[in-house]
């Protein structure tokens, strides 16, 4: 009976060992894949945050430039008015 048991152990132990090794390998692959997914999620979240901040910065710059443009237009209108008044005064 011991020979029979030993034969069975020799016959199936490598298979169990191989199966255990394969399971461990698959678990490592799953862990690596989960870490890669998390890394990609973090990268995506970071890129979204960078994009959001860039848009905010660009919007502020646009608003500032529009404000400067409006001030310049008002200055031009004031200068035109002054020139028109001075012209009228000199002709008048």
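Residue numbers (my numbering): 3 to 94. Quick reminder that beta carbons are idealized off the backbone N, C-alpha and C, glycines included.
Practice problem: Would you kindly work out how many angstroms separate the C-alpha atoms of residue 73 and residue 81, rounded to a whole number? | Solution: The sequence position of residue 73 within the chain shown is 71, counting from 1. The sequence position of residue 81 within the chain shown is 79, counting from 1. Straight-line Cα distance between these residues: approximately 12 Å.
Exercise. Kindly indicate which three-state DSSP category residue 3 falls into: helix, strand or coil?
Key: One-based indexing of the chain shown puts residue 3 at position 1. Summary for residue 3: the model assigns pLDDT 46, below 50, so the residue's position carries little reliability; its value from the coordinates is reported in the next sentence. Residue state, collapsed to three classes: coil.
Quiz item: residue 79 CB to nearest chain B CB: under 7 Å?
Solution: Among the protein chains of the structure shown there is no chain B, as only one such chain exists.
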